[in-house]
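Q: Residue numbers (the numbering used here): 11 to 213.
Just so you know, even glycine gets a beta-carbon here, dropped at the ideal spot from N, CA and C.
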Ligand code: ZN
């Protein structure tokens, strides 16, 4: 599957001048919500991701996603794997929490699913929240890996910025490695023709 083409076809691979959640600037941005707009196309992506997970022999009871970004991907991946889907949400104190009556049983095998893994910060918070309830996190999964963490069968090595544990596999359909710049080093800012805009939830 040509994942980059899927993103381009969905107008989900944006070119411009973007302010990322990390505070860095970039000339490209993946808007994964756009590739999830059409459920049948979305399920083709998560079916491919599920095949990778099954091929690796990973046994899983439950998919858990950090809200909001991971929820649609996690739900579709759960459908592809025929397991249940739950999500954690921000606890207002910098962590994640399981609410809404969702429960975890001791030893339950869980995959943490995101739409995109950048440094994996949200995925790690989600993992910690459910491990505290007795879950065993057997893998991480995402549609796209931004190239900081090493995915199963990927070419990149894990960079220092990656916050995911090295001994837990990360499954992603593809690597998307874009340049990111600290604002003071951003060549687009130096050009002076544009200001970095925050894509995603605010626009
Ligand atoms: Zn800039």
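Got a list of residues with beta-carbon closer than 5 Å to any non-hydrogen atom of the ligand ZN, in chain order?
A: Here the list is 35, 196, 198, 199 and 206.
Q: Tell me whether residue 213 sits in a helix, a strand or coil according to DSSP, three-state version.
A: The residue given as residue 213 occupies position 203 in the chain shown. Below a pLDDT of 50, predicted positions are generally treated as unreliable, and residue 213, at 47, falls in that range; no measurement from the model is reported.
Q: Per DSSP, what kind of secondary structure is residue 100 in: helix, strand or coil?
A: Here residue 100 refers to the residue found at position 90 when the chain shown is read from its first residue. Residue state, collapsed to three classes: strand.
Q: Flag this pair as yes or no: are the beta carbons of residue 75 and residue 90 separated by less than 9 Å?
A: One-based indexing of the chain shown puts residue 75 at position 65. One-based indexing of the chain shown puts residue 90 at position 80. Result no, Cβ atoms of residue 75 and residue 90 do not sit closer than 9 Å.
Q: Where residue 34 and residue 190 are concerned, what is the direct C-alpha to C-alpha distance, given to the nearest angstrom?
A: For the purposes of this step, residue 34 is taken as residue 24 along the chain shown, with counting starting at 1. For the purposes of this step, residue 190 is taken as residue 180 along the chain shown, with counting starting at 1. Distance between the alpha carbons of residue 34 and residue 190 is about 6 Å.
Q: Go ahead and pull the three-state DSSP assignment for residue 187.
A: The residue you call residue 187 lines up with position 177 of the chain shown. DSSP places residue 187 in coil when its eight states are reduced to three.
Q: Let's test the definition: count the other Cβ atoms within 10 Å of the Cβ of residue 104 and tell me whether it reaches 16, buried, or not, exposed.
A: Numbered from its first residue, the chain shown carries residue 104 at position 94. Residue 104 comes out exposed.
Q: Looking at residue 149 and residue 80, is the spacing between their C-beta atoms short of 9 Å?
A: As a position in the chain shown, residue 80 is number 70, starting the count at 1. As a position in the chain shown, residue 149 is number 139, starting the count at 1. For residue 80 and residue 149, no; Cβs fall outside 9 Å.
Q: Can you give, in chain order, each stretch of the alpha helix (DSSP H) that sits fully within the region 25–81 and has at least 4 residues?
A: Those alpha helix (DSSP H) runs which fall completely within the region 25–81 and span 4+ residues are 42–45 and 49–65.
Q: Assuming the contact rule is C-beta atoms closer than 8 Å, residue 206 and residue 29 should be a hit. Round their C-beta distance to whole Å, please.
A: Start at 1 with the first residue of the chain shown, and residue 206 comes out as number 196. Start at 1 with the first residue of the chain shown, and residue 29 comes out as number 19. Going by Cβ atoms, the distance from residue 206 to residue 29 rounds to 4 Å, so yes, they are a contact pair.
Q: Give the DSSP bridge partners of residue 155, in chain order.
A: Mapped onto the chain shown, residue 155 falls at position 145. Per DSSP, 127 and 185.
Q: Roughly how many angstroms lie between the CA atoms of residue 215 and residue 164, to the nearest whole one?
A: The first residue shown for the chain is 11 and the last is 213, placing residue 215 beyond what the model contains.
Q: Tell me which residues share the same chain as residue 20 and place their Cβ nearer than 6 Å to its Cβ, disregarding the 5 neighbours each side in the sequence.
A: Here residue 20 refers to the residue found at position 10 when the chain shown is read from its first residue. Counting only Cβ-Cβ distances below 6 Å, and skipping sequence neighbours, we find 44 and 45.
Q: Taking residue 98 as the reference, which of 188, 39, 114 and 54 has the closest Cα?
A: The count along the chain shown starts at 1 and reaches residue 98 at position 88. When only C-alpha atoms are compared, the closest one is 114.
Q: Under 8 Å Cβ to Cβ from residue 213, same chain only, skipping five residues before and after it: list those, please.
A: The residue labelled residue 213 in the question sits at position 203 within the chain shown. With a pLDDT of 47 at residue 213, under the threshold of 50, the modelled position of this residue cannot be trusted, and the question is left open.
Q: What three-state label does DSSP hand residue 122 in the structure shown?
A: Along the chain shown, one-based indexing puts residue 122 at 112. Three-state DSSP puts residue 122 in a strand.
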